[in-house]
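Engineer:
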Amino acid sequence: MNSSSHSGLPQGGGPHGNIVQFENVGLRYGMGSETLSDVTFALAAGSFHFLTGASGAGKTSLLKLLYLAQRPSRGVIRLFGEDVVTLPRHRLPGFRRRIGVVFQDFRLVPHLSAYDNIALPLRVAGVEEAELDLPVREMLEWVGLGDRADARPATLSGGEQQRVAIARAVIGRPELLVADEPTGNVDPDMAVRLLDLFEALNRLGTTIVVATHDLHLLSRVRDAQMMRLDKGQLADPTGSLRYPPRPPAFSGQIGVAMPQGKG
Amino acid sequence: MAAVKQTGRFRMLRWLGDDRAAASARRRLLPEGRLAGPMPWIIAIMMFLTILAAALAMAMGQARGALGSALAGRVTIQIIDADPQARNVQTQTLDGRLRNIGWIAAVHVVPETELAEQLRPWLGGDPAEADLPIPALIDVDLASGVGGDRRAELSRIVKGVAPSARVQAHADFLSPLLSMLASLGWLSIAIVVLMVLATGAVVVLAARSAHATHRGTIETLHMMGATDVQIARLFQRRIALDALLGSLAGFTLAVPVLLLLAQRAGALDSGLIGAAALPPLAWPALALFPLGAVLVAAGAARFTVLRALGQTL
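Read top to bottom, the protein sequences are chains A and B.
FYI, numbering that gives the first Met the number 0 numbers position 72 of the first sequence as 71, with every residue one higher than the one before it.
FYI, numbering that gives the first Met the number 0 numbers position 18 of the second sequence as 17, with every residue one higher than the one before it.
Here it is as structure tokens:
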């Protein structure tokens with residue numbers, strides 16, 4: 000268990016600290032009722048979490064707060080050790096580059112090929128063209144789309160689009176990977192392969208948060224913790240989310256050479 | 000040594016190739032569609048009109064300057080005494096006196112034969128033979144910088160010798176013409192300014208439209224950590240290229256029109272219209288307008304997109 004501050008939440012965002020901290024976070028869209036209420040938890044760096052809950056429980060809203068697409072109505076959110084609620088807008092891109100996102104609706108850029116979609120985070124980060132070809136090709140192979148590199152999203156099936164979205168999210172080897180129903184449109188074999196990819200990334204130190212309805216996935220990842228949302232409130236009966244355990248030692252390699260961007 | 004050179008050259012080519020590939024990849028982040036939209040064509044039309052208006056402004060300025068400097072210091076003295084002998088004496092007296100005044104640059108007594116020649120189309124034959132009293136004319140060029148007080152002094156001197164003489168400053172009867180040339184010049188400048196503002200407005204609308212069209216792509220780029228400046232640069236580059244193509248087309252169309260007008264004006268053989276020719280520096284100045292349009296378009300696009308992005312998280 001991590002050390003706690005006077006507020007009851009552990010501080011810091013280093014490799015063995017908490018990469019994510021939510022404290023009494025509430026989110027309200029417009030004048031409606033709160034979509035998320037009093038959400039308090041911390042995620043240790045390098046940990047693996049599944050986020051479950053019924054439809055409309057607030058999973059996507061919680062993920063939006065995690066990948067900085069939304070600011071909360073109240074409460075404190077710390078990412079990588081910094082308060083991101085009051086973070087100036089111009090500093091957000093630097094944080095977003097450390098987060099990989101698999102959107103539920105994929106959000107592939109429609110006029111770009113699968114190759115260019117996957118290369119997008121590296122190009123945004125300023126990686127040289129000569130350095131990004133190899134990892135993009137390897138990632139395409141890894142998700143089984145080596146022969147569809149030039150295909151536009153409209154010509155790909157739902158499962159193929161999802162794999163491109165996942166490849167795009169992980170290619171920059173993010174510190175935090177947030178995935179919204181990442182295996183919803185793929186067959187069971189591919190779902191297992193994708194989960195293996197997430198685990199490999201996790202072993203390299205990436206903190207993973209996967210929102211899913213697929214209860215079979217939960218049992219496949221050893222040491223994964225479950226977060227359950229119910230009507231906008233986080234159920235944490237064991238207290239392990241508030242005081243998360245230390246992550247296991249990093250080991251293993253992912254089969255993709257990850258280039259370093261210019262930032 | 001040769002190997003070193005080859006390696007260096009290879010590196011340079013590789014670097015250039017990578018740079019081109021990067022630029023090509025950046026361009027692809029927004030869908031292609033250059034010249035598909037109306038903006039380049041609108042800018043071409045506006046540039047065509049802007050070039051014509053700017054050329055008119057320059058020609059009016061040139062004409063005003065030329066006429067003003069040539070005629071502003073010129074005064075014509077008409078000696079209208081009906082007695083030819085008295086008229087002749089007054090003319091010669093004035094000629095002699097005026098030549099000795101320091102602030103008078105030149106004195107020219109218009110020969111009677113020249114006057115008769117100029118009047119022939121109206122009076123026919125030799126006006127002197129028809130017993131018509133033809134006034135003697137003396138053209139006086141005042142030294143540069145001489146003001147109205149000297150013209151008054153000149154009138155006093157003339158009246159002292161020939162009380163019935165008329166002293167007419169060319170600037171007096173040319174002032175309405177110069178005033179009209181100035182008005183036309185200012186009107187042309189106003190049209191150029193309005194065209195620049197309209198170009199900016201067109202670009203703002205195009206940038207807003209493009210921003211709305213590509214909102215999804217922009218949100219995705221934002222979520223990947225793209226900065227506002229990175230995204231604005233994509234629009235800026237695209238719109239600047241459209242503006243360059245449009246303004247070059249407009250400029251290319253305007254040049255032959257101006258050359259044709261210049262040729263027609265030259266054929267008139269009129270001193271006034273000839274004075275309205277474009278000054279030598281006009282062409283390089285007009286050639287800067289497409290560049291200016293590109294800068295205006297790029298600046299307006301950047302401002303618009305950055306402002307729109309600033310309203311999102």
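The C-beta atom is built at its ideal place from N, Cα and C for all residues, glycine as well.
Since the structure is predicted, the reported quantities are computational estimates derived from the model, not experimental observations.
1. Sort out for me which residues DSSP pairs Asp-82/A with in a bridge.
2. Between Gly-36/B and chain A, is the shortest Cβ-Cβ distance under 8 Å, so that the two count as touching?
3. When the cut-off is 8 Å and only beta carbons count, does Gln-310/B lie next to chain A?
4. Strictly by DSSP, which residues pair up with Gly-25/A?
5. Could one say the Cβ of Pro-71/A lies closer than 8 Å to chain B's Cβ atoms, at least one of them?
6. Closer than 8 Å between beta carbons: that is the criterion. Which residues of the stretch 201-216 of chain B meet it against chain A?
7. Residues in the same chain with beta-carbon distance under 6 Å from Gln-167/B, minus the five sequence neighbours each way, listed in chain order, please.
8. When the cut-off is 8 Å and only beta carbons count, does Gln-229/B lie next to chain A?
9. State yes or no: is the C-beta of Ile-190/B within less than 8 Å of the C-beta of Ala-286/B?
10. Taking 8 Å as the CB-CB limit, is Leu-305/B close to chain A?
11. Would Leu-243/B and Val-293/B be called neighbours here (beta carbons separated by less than 8 Å)?
12. Could you please give the first and the last residue of the uninterrupted alpha helix (DSSP H) stretch that includes Gln-224/A?
13. Specify, as a first and last residue, the run of the alpha helix (DSSP H) that Gln-161/A falls within.
14. When the Cα atoms are used, what is the spatial distance from Gly-57/A to Phe-21/A?
15. From Gly-67/B to Ala-151/B, what does the alpha carbon distance come to, in whole angstroms?
16. Since Ile-207/A contacts Leu-176/A with CB under 8 Å, what's their CB separation in whole angstroms?
17. By the three-class DSSP mapping on this structure, what secondary structure does Ala-292/B have?
18. Please name the residue, chosen from Ala-234/A, Met-225/A and Gly-16/A, that lies closest to Glu-81/A on a Cα-to-Cα basis.
19. Let me check one thing: in DSSP terms, what residues is Arg-136/A bridge-paired to?
20. Under 7 Å Cβ to Cβ from Arg-97/A, same chain only, skipping five residues before and after it: list those, please.
21. Output, in chain order, the set of chain A residues within a Cβ distance shorter than 7 Å of Leu-220/B.
22. Pick from Asp-104/A, Trp-141/A and Phe-40/A: whose alpha carbon is nearest that of Val-75/A?
23. Less than 8 Å between the CB atoms is what I'm expecting for Asn-116/A and Gly-157/A, so what's the real figure, rounded?
24. Might you give, ordered along the chain, the residues of its own chain that have their beta carbon closer than 7 Å to the beta carbon of Thr-154/A, omitting 5 neighbours on each side?
25. Between the Cα of Asp-82/B and the Cα atoms of Asn-99/B, Ala-65/B and Ala-161/B, which residue gives the shortest distance?
26. Counting only beta-carbon separations shorter than 8 Å, does Thr-226/B have a partner in chain A?
27. So Leu-266/A and Leu-50/A are supposed to be a Cβ contact under 8 Å. How far apart are they, rounded?
28. Counting C-beta neighbours from all protein chains within 10 Å, is the total for Pro-71/A 16 or more, i.e. buried, or is it exposed?
29. Can a CB atom of chain B be found closer than 8 Å to the CB of Pro-95/A?
30. Thr-59/A by DSSP, collapsed to three states: which one?
31. Check the DSSP bridge columns for Glu-111/B and list the partner residues they point to.
32. Which residues in the same chain as Val-100/A place their Cβ atom closer than 7 Å to its Cβ, once the five residues preceding and following it in sequence are excluded?
33. In whole angstroms, what is the alpha-carbon distance linking Arg-151/A and Gly-143/A?
34. Within its chain, find whatever has a CB closer than 8 Å to the CB of His-110/A; leave out the 5 residues flanking it on each side and keep chain order.
35. Sort out for me which residues DSSP pairs Ala-41/A with in a bridge.
36. If you draw a straight line from the C-alpha of Ala-300/B to the C-alpha of Ser-208/B, how long is it?
Structural biologist: Short version:
1. Mapped onto the first sequence, residue 82/A falls at position 83. Arg-77/A, per the DSSP bridge assignment.
2. Here residue 36/B refers to the residue found at position 37 of the second sequence. Not closer than 8 Å to any Cβ of chain A, the Cβ of Gly-36/B fails to qualify, so no.
3. Here the question's residue 310/B lines up with position 311 in the second sequence. So no, Gln-310/B is outside the interface.
4. In the first sequence, residue 25/A corresponds to position 26, counting from 1. Its beta-bridge partners are Arg-73/A.
5. Numbered from 1 along the first sequence, position 72 holds the residue referred to as residue 71/A. No, its Cβ sits nowhere closer than 8 Å to a Cβ of chain B.
6. For the stretch 201-216 of chain B, which is checked against every Cβ of chain A, the residues closer than 8 Å are Gly-215 and Thr-216.
7. Locating residue 167/B in the second sequence gives position 168, where the first residue counts as 1. Excluding residues up to 5 positions away in sequence, Thr-75 lie with their Cβ nearer than 6 Å to the Cβ of Gln-167/B in the same chain.
8. Indexing the second sequence from 1 puts residue 229/B at position 230. True, the Cβ-Cβ gap to chain A drops below 8 Å.
9. Here the question's residue 190/B lines up with position 191 in the second sequence. Here the question's residue 286/B lines up with position 287 in the second sequence. No, these two residues do not count as a Cβ contact at 8 Å.
10. Numbered from its first residue, the second sequence carries residue 305/B at position 306. No, Leu-305/B does not count as interfacial toward chain A.
11. Residue mapping note: residue 243/B aligns to position 244 of the second sequence, counting from 1. Residue mapping note: residue 293/B aligns to position 294 of the second sequence, counting from 1. Taking 8 Å as the cut-off, the beta carbon of Leu-243/B is found closer than this to the beta carbon of Val-293/B.
12. Position 225 of the first sequence, counted from the start, is the residue given in the question as residue 224/A. Unbroken run through Gln-224/A is the beta strand (DSSP E), 224-229; no alpha helix (DSSP H).
13. Counted from its first residue, the first sequence places residue 161/A at position 162. Under the DSSP assignment, Gln-161/A falls in the alpha helix (DSSP H) whose first and last residues are 157-169.
14. Translated into positions along the first sequence, residue 57/A becomes position 58. Translated into positions along the first sequence, residue 21/A becomes position 22. Gly-57/A and Phe-21/A: Cα-Cα distance of roughly 15 Å.
15. Translated into the one-based positions of the second sequence, residue 67/B becomes position 68. Translated into the one-based positions of the second sequence, residue 151/B becomes position 152. Their backbone Cα atoms lie some 19 Å apart in a straight line.
16. Taking the first sequence and counting its residues from 1, one reaches residue 207/A at position 208. Taking the first sequence and counting its residues from 1, one reaches residue 176/A at position 177. That pair is a contact at about 5 Å.
17. Residue numbering aside, residue 292/B sits at position 293 when the second sequence is read from its first letter. Ala-292/B falls in the helix class under three-state DSSP.
18. Sequence index remark: in the first sequence, residue 81/A carries index 82 (1-based). The candidate whose alpha carbon is nearest that of Glu-81/A is Gly-16/A.
19. Taking the first sequence and counting its residues from 1, the one referred to as residue 136/A is at position 137. For Arg-136/A, which the question treats as bridged, DSSP gives no partner whatsoever.
20. Position 98 of the first sequence, counting from 1, holds the residue named residue 97/A. Cβ neighbours of Arg-97/A beyond the five flanking positions: Phe-79, Pro-173, Glu-174 and Leu-175.
21. Residue 220/B sits at position 221 when you count from the first residue of the second sequence. Using a Cβ-Cβ cut-off of 7 Å, Leu-220/B is close to Val-123 of chain A, given in chain order.
22. Residue 75/A sits at position 76 when you count from the first residue of the first sequence. Taking the Cα of Val-75/A as reference, the smallest distance to any Cα among Asp-104/A, Trp-141/A and Phe-40/A is reached at Phe-40/A.
23. Looking up residue 116/A in the first sequence gives position 117. Looking up residue 157/A in the first sequence gives position 158. For Asn-116/A against Gly-157/A, the beta-carbon gap comes to about 15 Å, at or over 8 Å, which does not count as contact.
24. Counting from 1 along the first sequence, the entry for residue 154/A is found at position 155. Here the set comprises nothing.
25. Position 83 of the second sequence, counting from 1, holds the residue named residue 82/B. For the set Asn-99/B, Ala-65/B and Ala-161/B, the Cα lying nearest the Cα of Asp-82/B is the one of Ala-161/B.
26. Here the question's residue 226/B lines up with position 227 in the second sequence. Cβ-Cβ to chain A under 8 Å: yes for Thr-226/B.
27. This structure leaves residue 266/A out entirely; chain A is present only between 0 and 262.
28. What you label residue 71/A is simply residue 72 of the first sequence in a count that begins at 1. Label assigned to Pro-71/A: buried.
29. By 1-based counting over the first sequence, the position of residue 95/A is 96. Looking at the sequence shown, residue 95/A is not Pro but Arg. Yes, contact with chain B.
30. As a first step, residue 59/A is located in the first sequence; it is residue number 60 there, counting from the start. For Thr-59/A, the three-state secondary structure derived from DSSP is helix.
31. Counted from its first residue, the second sequence places residue 111/B at position 112. Per DSSP, none; premise fails for Glu-111/B.
32. Sequence index remark: in the first sequence, residue 100/A carries index 101 (1-based). Shown here for Val-100/A: same chain residues with a beta carbon closer than 7 Å to its own, the five before and five after excluded, namely Tyr-66, Ala-168 and Val-177 in chain order.
33. Position 152 of the first sequence, counted from the start, is the residue given in the question as residue 151/A. Position 144 of the first sequence, counted from the start, is the residue given in the question as residue 143/A. One C-alpha to the other measures close to 16 Å.
34. In the first sequence, residue 110/A corresponds to position 111, counting from 1. Cβ within range, chain order: Arg-151.
35. Taking the first sequence and counting its residues from 1, one reaches residue 41/A at position 42. For Ala-41/A, the beta-bridge partners assigned by DSSP are Gln-20/A.
36. Counting from one through the second sequence, the residue named residue 300/B turns up at place 301. Counting from one through the second sequence, the residue named residue 208/B turns up at place 209. Rounded to whole angstroms, Ala-300/B to Ser-208/B spans 11 Å at the Cα level.
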